[in-house]
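Contents: one structure, followed by commentary.
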Amino acid sequence: MNAVLRPVQARFEPLAAQHLDAALLVEQQAYAHPWLRANFLDSMTFGYQAQLLMAGDTLLGYFVAMKGVDEVHLLNITVAPKYQRQGWARVMLDAIAIWARGQGAQWLWLEVRLGNLRAIEVYQAHGYRRVGERKSYYPAAQGQREDALVMNLCL
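Once you know that position 123 of the sequence shown is 1597 in this note's numbering, the rest is easy, because the numbers rise by one and skip nothing.
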(Lines of atoms letter the chains of each structure in order from A and count residues from 1; the text may use other names and numbers.)
(Lines give C-alpha, C1' and ligand atoms only; values in the text may rest on other atoms or scores of the structure.)
Protein backbone atom coordinates (compact mmCIF):
# COMPACT_ATOMS: atom_id res chain seq x y z
CA MET A 1 0.00 0.00 0.00
CA ASN A 2 1.47 3.34 -1.05
CA ALA A 3 1.39 6.23 1.36
CA VAL A 4 -0.48 9.27 0.12
CA LEU A 5 1.62 12.43 0.22
CA ARG A 6 -0.32 15.40 1.46
CA PRO A 7 0.68 18.85 0.29
CA VAL A 8 2.27 20.93 3.00
CA GLN A 9 0.76 24.34 3.60
CA ALA A 10 3.59 26.57 4.66
CA ARG A 11 3.48 30.22 5.62
CA PHE A 12 5.88 32.96 6.61
CA GLU A 13 5.57 34.86 9.85
CA PRO A 14 7.82 37.41 11.50
CA LEU A 15 10.37 36.18 14.01
CA ALA A 16 9.22 37.29 17.45
CA ALA A 17 10.50 36.78 20.98
CA GLN A 18 8.23 33.78 21.57
CA HIS A 19 9.92 31.97 18.64
CA LEU A 20 13.52 32.47 19.75
CA ASP A 21 13.88 29.16 21.60
CA ALA A 22 12.63 27.19 18.58
CA ALA A 23 14.88 29.13 16.19
CA LEU A 24 17.89 28.65 18.47
CA LEU A 25 17.23 24.90 18.68
CA VAL A 26 17.16 24.62 14.87
CA GLU A 27 20.27 26.81 14.62
CA GLN A 28 22.15 24.58 17.06
CA GLN A 29 21.04 21.42 15.23
CA ALA A 30 22.07 22.82 11.85
CA TYR A 31 25.48 24.37 12.57
CA ALA A 32 28.68 23.61 14.42
CA HIS A 33 29.03 27.38 15.04
CA PRO A 34 25.45 28.61 15.44
CA TRP A 35 24.17 32.12 15.87
CA LEU A 36 23.62 33.09 19.49
CA ARG A 37 20.42 34.43 21.03
CA ALA A 38 22.06 37.87 20.94
CA ASN A 39 22.46 37.65 17.14
CA PHE A 40 18.74 37.03 16.72
CA LEU A 41 17.81 39.70 19.28
CA ASP A 42 20.05 42.26 17.57
CA SER A 43 18.44 41.45 14.21
CA MET A 44 15.00 42.00 15.67
CA THR A 45 16.07 45.20 17.47
CA PHE A 46 17.55 46.70 14.29
CA GLY A 47 14.43 45.87 12.27
CA TYR A 48 16.02 43.38 9.90
CA GLN A 49 13.72 41.21 7.83
CA ALA A 50 13.51 38.08 9.98
CA GLN A 51 10.94 35.53 8.89
CA LEU A 52 10.04 32.03 9.98
CA LEU A 53 8.80 29.42 7.52
CA MET A 54 6.11 27.48 9.35
CA ALA A 55 3.92 24.46 8.56
CA GLY A 56 1.28 24.46 11.27
CA ASP A 57 3.26 24.68 14.50
CA THR A 58 6.39 23.20 12.91
CA LEU A 59 9.36 25.44 12.21
CA LEU A 60 10.72 24.45 8.80
CA GLY A 61 13.30 27.23 8.60
CA TYR A 62 13.98 30.95 8.79
CA PHE A 63 15.95 33.75 7.27
CA VAL A 64 17.35 37.09 8.37
CA ALA A 65 18.14 39.80 5.83
CA MET A 66 19.42 43.36 6.18
CA LYS A 67 18.36 46.11 3.81
CA GLY A 68 20.97 48.52 2.49
CA VAL A 69 20.69 51.46 0.09
CA ASP A 70 20.08 49.49 -3.09
CA GLU A 71 20.89 46.00 -1.86
CA VAL A 72 19.89 43.35 0.64
CA HIS A 73 22.40 41.24 2.55
CA LEU A 74 21.25 37.76 3.52
CA LEU A 75 22.69 37.23 7.00
CA ASN A 76 21.24 33.83 7.86
CA ILE A 77 19.10 31.25 6.08
CA THR A 78 18.51 27.92 7.74
CA VAL A 79 16.32 24.92 7.05
CA ALA A 80 15.73 22.62 10.01
CA PRO A 81 17.88 19.52 9.42
CA LYS A 82 14.96 17.08 9.23
CA TYR A 83 13.32 19.21 6.50
CA GLN A 84 16.41 19.73 4.35
CA ARG A 85 16.49 18.55 0.73
CA GLN A 86 12.76 19.17 0.35
CA GLY A 87 12.94 22.51 -1.48
CA TRP A 88 12.37 24.80 1.51
CA ALA A 89 15.60 26.74 0.94
CA ARG A 90 14.38 27.60 -2.57
CA VAL A 91 11.04 28.77 -1.14
CA MET A 92 12.86 31.07 1.27
CA LEU A 93 15.27 32.34 -1.40
CA ASP A 94 12.28 33.22 -3.58
CA ALA A 95 10.63 35.03 -0.67
CA ILE A 96 13.81 36.99 0.06
CA ALA A 97 14.12 38.04 -3.58
CA ILE A 98 10.48 39.15 -3.73
CA TRP A 99 10.84 41.15 -0.51
CA ALA A 100 14.15 42.68 -1.67
CA ARG A 101 12.66 43.79 -4.99
CA GLY A 102 9.79 45.37 -3.06
CA GLN A 103 12.37 47.32 -1.06
CA GLY A 104 13.93 48.67 -4.25
CA ALA A 105 17.05 46.51 -3.96
CA GLN A 106 19.02 45.80 -7.10
CA TRP A 107 21.32 43.18 -5.55
CA LEU A 108 21.20 40.37 -3.02
CA TRP A 109 24.48 39.52 -1.28
CA LEU A 110 25.54 36.67 0.97
CA GLU A 111 28.54 34.86 2.40
CA VAL A 112 28.73 31.09 2.65
CA ARG A 113 31.41 28.84 4.09
CA LEU A 114 33.72 27.56 1.35
CA GLY A 115 33.19 24.07 2.75
CA ASN A 116 29.39 24.26 2.54
CA LEU A 117 29.20 22.79 -0.96
CA ARG A 118 25.52 21.88 -0.74
CA ALA A 119 24.53 25.46 0.08
CA ILE A 120 26.79 26.81 -2.67
CA GLU A 121 25.06 24.50 -5.16
CA VAL A 122 21.62 25.71 -4.01
CA TYR A 123 22.65 29.35 -4.35
CA GLN A 124 24.17 28.80 -7.79
CA ALA A 125 21.06 26.94 -8.96
CA HIS A 126 19.08 29.95 -7.78
CA GLY A 127 21.16 32.31 -9.92
CA TYR A 128 23.72 33.57 -7.41
CA ARG A 129 27.24 34.19 -8.77
CA ARG A 130 30.58 33.80 -7.03
CA VAL A 131 32.14 37.24 -6.77
CA GLY A 132 34.88 36.97 -4.16
CA GLU A 133 36.16 35.50 -0.91
CA ARG A 134 36.57 36.74 2.64
CA LYS A 135 39.59 35.19 4.32
CA SER A 136 39.13 33.74 7.82
CA TYR A 137 35.53 34.97 7.93
CA TYR A 138 33.87 32.15 9.89
CA PRO A 139 34.87 30.43 13.13
CA ALA A 140 35.91 26.81 12.63
CA ALA A 141 36.92 23.83 14.76
CA GLN A 142 39.75 24.09 17.27
CA GLY A 143 39.99 27.87 17.15
CA GLN A 144 40.66 27.93 13.43
CA ARG A 145 38.89 30.13 10.85
CA GLU A 146 37.23 29.26 7.55
CA ASP A 147 37.08 31.39 4.42
CA ALA A 148 33.75 32.59 3.04
CA LEU A 149 32.64 32.70 -0.54
CA VAL A 150 30.88 35.98 -1.39
CA MET A 151 27.96 35.54 -3.78
CA ASN A 152 25.44 37.92 -5.26
CA LEU A 153 22.25 37.91 -7.29
CA CYS A 154 21.24 40.74 -9.59
CA LEU A 155 17.56 41.47 -9.08
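Glycine included, every Cβ here is placed at the ideal spot set by N, Cα and C.
Bear in mind that the values here come from a model prediction, so they are computed numbers and not experimental data.
With contacts defined by Cβ atoms closer than 7 Å, A1529 and A1484 form a contacting pair.
One Cα belongs to Y1522, the other to H1600, and the distance between them is close to 22 Å. Taking C-beta atoms as the reference points, I1570 and A1539 count as a pair closer than 7 Å.
Annotation: the continuous beta strand (DSSP E) that includes Y1611 extends over 1603–1613.
Note on the region 1498–1562: whole beta strand (DSSP E) runs with a minimum of 3 residues are 1523–1529, 1532–1541, 1545–1553, in chain order.
Counting along the chain, A1593 sits inside the alpha helix (DSSP H) bounded by residues 1591–1599. Rounded to the nearest whole angstrom, the C-alpha separation of R1564 and Q1616 is 32 Å. Taken atom to atom, the span from the alpha-carbon of Q1598 to that of L1567 is near 12 Å. With respect to the 7 Å criterion, F1520 and L1494 are not classified as neighbours on the basis of their beta carbons. Scanning its chain for C-beta atoms nearer than 7 Å, with the 5 sequence neighbours on each side dropped, one finds around N1550 the residues W1509, F1537, V1538, in chain order. When secondary structure is reduced to three states using DSSP, L1629 falls in the coil class, being assigned neither helix nor strand.
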